[in-house]
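Worksheet: the structure to be examined is printed underneath.
Protein chains in written order, with the numbering used here: chain C, 136 to 674; chain L, 906 to 1350.
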């Protein structure tokens, strides 16, 4: 599931974890690493004494600042803090988990005992004991997102001024309505395990976004255009909008790499939403699609990211998100053509400025990069410590994550990215070679089946391509395909100069649901002969 | 003191909160809840958990300057700090032109959503209920993945004009997917109740097993327009998108499926078949809901669609004041009236059609028409000459629930159903619809 789209960003549905605090409180320092280590040792010892054969402990302080505006007014500002400890154990060969906000020696010892009790109680269901891939203790380690400006240190006034400026520019540009939001997250988490790891991490994420709406009341029509920003593993510097990070596209369109010009995008959005009102409805049929990274990221997420999660492949998500077509026999054959030879997809938890980048995962495993699809062939999955033996590997991939101290960690998607072409190619070069096609930018409607075969995607803006040139805007566009067919129709990639990341800030998985944030990099990519449907209806 | 406060305890706590207030107006909301869950997959437990949660939210206002603060710990010192913080935030806040003052005391109807039976559910109960299910799927060499979650809690509020409201409730949700070991068959069941005595995990499991075994060796049908019989689990994930979009402001602003050319709305217009009646009623014993909304408005019985005509839309207090109409809060439950037909009768009267038991990954394609896309899942069957002939491969659909309710053939008897998209519970009937649009095939099982 790729979580909430922009359209779903109504105030009540945004996950806010913890209690509201003052903006200043978010900047107050937390306890130092030695103090945290002391507390985790209480948990490790208590669990061991109750019979745990393995224990990991996460003390976390999770900070969020969210700002919501519409037109000329501030709707809400949320400053929230969640603080507590989660203890996971193996006892009788079975997992047990317990969490508490009572971070005192007594509270921690009780919580550890409960985790062991739960493991023992659940062991009556267990058929095979849990076996963990070996992970040598890493000792005392620290890791920080390499931010330039801590978003929490920027005065609220400055953030509101930015959003009001965005709204005013959109309204001046002809928008009937506009909502704009800023999301900032800081995870301060300390991990300790009975393997001998003590890891202190400070992780920052940012997401600026907006939705512009244009209505034509006389005709009873309305169209929206969402921001083409990307959530990032960066500080407030992402909003500097520096020229060197802008990528010039066809017909004056602009793409944003690692720096976003929110005001410029709002002006463009109002213009494009007006154009959408008058755009020509698409004629259904086969088209060559030229997909911008800000659009293709979601297609990668749904059709490659989720089906290659090993827990899905094995059936652990069968009751909710589903299983996967990318079964073990396909991987074992070593010749399953997931895509054309141009398709090289890597999993990664280290790429700078991405949402997935951390030093260590929530099982204390150092992060790395590995291949998922190489020259079109499925070569690996995403796996954590208790699964990786199933694919014959001895080391976890390091992609275990929990969205809070009170959630149990499980396998979550690392960054899953498509490598750009080695040869030189710009978007303009690519479009020149397309006779009948559609150029799609931005994240739109999306849906995919529970084994990730059949999907349908929309977008934010669609341009018709006729004989190598953009020929005006189209409306009512969605493309439908089958994952393997689609990736095998991948015909051309732009080079690294066009490479950008897309992100999902609230990606949902599990029961009860947890969110995570993940990036997907790619350059603009061409897919030949994809089925496009017309989504226009009358009611 | 327990996390779940009695009405008297909640009142006393809220009075204490209000005593600390120095603002022009103050409103306090509290909640307390306990949740427990057991999740399993591949026929064994994968995770389990419990959550205890309480929260106090204080909103202080000076004129139209508003501040909100929350805490999860209810000592006198914390409460006072929370009230002070909300006042400080209000002083610093810009004026909110849409702020309307707190309500005078209101009268609320009775609603009984709290069941001692459900409140007593513990880890042992969950383990036994899941074991009853697992025994059945294991015995037939099938693979089960499921989730059982129970909740008990209350909400309460008070404001500086003396308004007080309190509502306790309980719930239990059980969902299960049973798959054949070769991966060719899959069946699903979902059950949601306020009273856990109604939950029979073994009986529910038998339905999922039947669908799992019955869906093996599915044949492909050509995509196109078909008559469909939608079980309530399938129908609700489409219909709830109508309810989610009943906001008057969006309609007035020209950005809703309820907006019309010329700037008007579809209020009092017929939008669907005249047999469609949709309303809410918190006192319904099969689907009890909160008798008050978060801002203290009474939630009473309210008709939304009557004989196919839009009768009411949701008006926030601000939007109602601006338009000089009565405010209408969001409903706490939604009920669709049904007919008398049984599922057997609906199948028997179908010459050619498709029985859809579940729909999945529903997303809005066009907010203007409420066009939705998604897929069938976990048991889809071909009906010919009044009998189920064979399972069929899953389809992707592109359909609007508004168009669908105009193509209504028959309504069955309403039952309580859990939305697999939103987790909300509803009362709706199974329904037969003509010309439902399937646009492509899926290989997924």
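In this text, a Cβ means the ideal position worked out from N, Cα and C, and glycines have one as well.
### Task
Tell me residue 1336 of chain L's beta-bridge partners as DSSP assigns them.
In DSSP, residue 1336 of chain L forms a bridge with L/1135 and L/1316.
### Query
Is any beta-carbon of chain L found at less than 8 Å from that of residue 280 of chain C?
no
#### Entry: Identity of the residue in C/190, C/259, C/426 and C/321 nearest residue 280 of chain C by Cα
C/321
### Query
Is there a Cβ from chain L that is less than 8 Å from the Cβ of residue 361 of chain C?
Interface criterion not met: the Cβ of residue 361 of chain C is under 8 Å from no Cβ in chain L.
#### Entry: Straight-line Cα distance separating residue 1066 of chain L from residue 970 of chain L
18 Å
### At least three beta-carbon pairs within less than 8 Å, the region 922-937 of chain L to the region 981-1000 of chain L
yes
### Message
Along the chain, where does the alpha helix (DSSP H) containing residue 411 of chain C start, and where does it finish?
### Response
Residue 411 of chain C: member of the alpha helix (DSSP H) spanning 397-413, first to last residue.
### Message
Taking the alpha-carbon of residue 622 of chain C as reference, which of C/510, C/645, C/348 and C/350 has the nearest alpha-carbon?
### Response
C/510 is the residue among C/510, C/645, C/348 and C/350 whose C-alpha sits nearest the C-alpha of residue 622 of chain C.
### Message
Quick check: is the beta carbon of residue 352 of chain C nearer than 8 Å to any beta carbon in chain L?
### Response
Yes, contact with chain L.
### Task
Can you give me, in chain order, the residues of the region 252-266 of chain C that have a beta carbon less than 7 Å from any beta carbon in chain L?
253, 256, 257, 260, 261 and 262
### Query
Does DSSP classify residue 1252 of chain L as helix, strand or coil?
helix
### Message
In chain order, what are the residue ranges of uninterrupted alpha helix (DSSP H) at least 4 long that sit wholly in the region 418-506 of chain C?
### Response
Listed in chain order, the alpha helix (DSSP H) runs fully inside the region 418-506 of chain C are 428-435, 445-449 and 463-467, counting runs of at least 4 residues.
### Message
Am I right that residue 629 of chain C and residue 474 of chain C are in contact with their C-beta atoms under 8 Å? What's the rounded C-beta distance?
### Response
Contact doesn't hold; Cβ gap of about 16 Å is too wide.
### Query
DSSP state of residue 386 of chain C, grouped into three classes?
helix
### Query
Can a CB atom of chain L be found closer than 8 Å to the CB of residue 371 of chain C?
At a cut-off of 8 Å between beta carbons, residue 371 of chain C makes no contact with chain L.
### Message
To the nearest angstrom, how far is the alpha carbon of residue 283 of chain C from that of residue 170 of chain C?
### Response
Taking the straight line from one Cα to the other gives about 27 Å.
### Message
To the nearest angstrom, how far is the alpha carbon of residue 1208 of chain L from that of residue 1218 of chain L?
### Response
9 Å
### Message
I'd like to know whether the C-beta atoms of residue 336 of chain C and residue 444 of chain C end up nearer to each other than 8 Å.
### Response
no
### Proximity below 8 Å, CB of residue 319 of chain C to CB of residue 327 of chain C
no
### Query
Measuring CA to CA, which of L/966, L/1010 and L/994 is closest to residue 1003 of chain L?
L/966
### Query
Does residue 209 of chain C get closer than 8 Å to chain L when you measure Cβ to Cβ?
yes
### Task
Please name the residues in the region 1250-1282 of chain L whose beta-carbon is closer than 8 Å to at least one beta-carbon of chain C, in chain order.
1265, 1266, 1267, 1268, 1269, 1270, 1271, 1272, 1273, 1274, 1275, 1276, 1278, 1279, 1280 and 1282
### Query
Who are the near neighbours of residue 248 of chain C in its chain, counting only those whose CB is closer than 7 Å to its CB and skipping five residues on each side?
181 and 185
### Task
Give me the Cα-Cα distance between residue 137 of chain C and residue 576 of chain C, rounded to the nearest whole angstrom.
The predicted model places residue 137 of chain C with a pLDDT of 46, which falls under 50 and marks its position as unreliable; any figure quoted below should be read in that light. Answer to the nearest angstrom: the Cα atoms are 18 Å apart.
### Task
Output, in chain order, the set of chain L residues within a Cβ distance shorter than 8 Å of residue 582 of chain C.
1266, 1267, 1268, 1278, 1279, 1280 and 1301
### Task
Would you identify the three-state DSSP class for residue 991 of chain L, choosing helix, strand or coil?
helix
### Query
Using a Cβ-Cβ distance under 8 Å, would residue 225 of chain C count as near chain L?
no
### Message
When you compare the region 1109-1123 of chain L with the region 1033-1050 of chain L, are there three or more beta-carbon pairs, one atom per stretch, that lie closer than 8 Å?
### Response
yes
### Query
So is residue 1245 of chain L buried or exposed if we call it buried at 16+ other beta carbons inside 10 Å?
exposed
### Task
Give the residues of chain C in contact with residue 1080 of chain L, contact being defined as C-beta atoms less than 7 Å apart.
454
### Task
Look at the alpha carbon of residue 146 of chain C and the alpha carbon of residue 203 of chain C, and state the distance between them as a whole number of angstroms.
With a pLDDT of only 39 at residue 146 of chain C, under the threshold of 50, the placement of this residue in the model should not be trusted; the figure read from the coordinates follows. The straight-line gap from Cα to Cα measures roughly 8 Å.
#### Entry: Cβ-Cβ distance between residue 236 of chain C and residue 219 of chain C below 8 Å
yes
### Task
Could you say which of C/329, C/378 and C/166 lies nearest to residue 273 of chain C if we only look at CA atoms?
C/329
### Task
Within the same chain, show all residues whose beta-carbon is closer than 8 Å to that of residue 671 of chain C, passing over the 5 residues directly before and after it, in chain order.
416, 610 and 611
### Task
With distances taken Cα to Cα, identify the nearest neighbour of residue 584 of chain C among C/453, C/166, C/197 and C/195.
C/453
### Cβ-based neighbour list, residue 466 of chain C, same chain, cut-off 8 Å, excluding 5 preceding and 5 following
For residue 466 of chain C, same chain residues with a beta-carbon under 8 Å away, outside a window of 5 residues either side, are 513, 514, 515, 516 and 526 in chain order.
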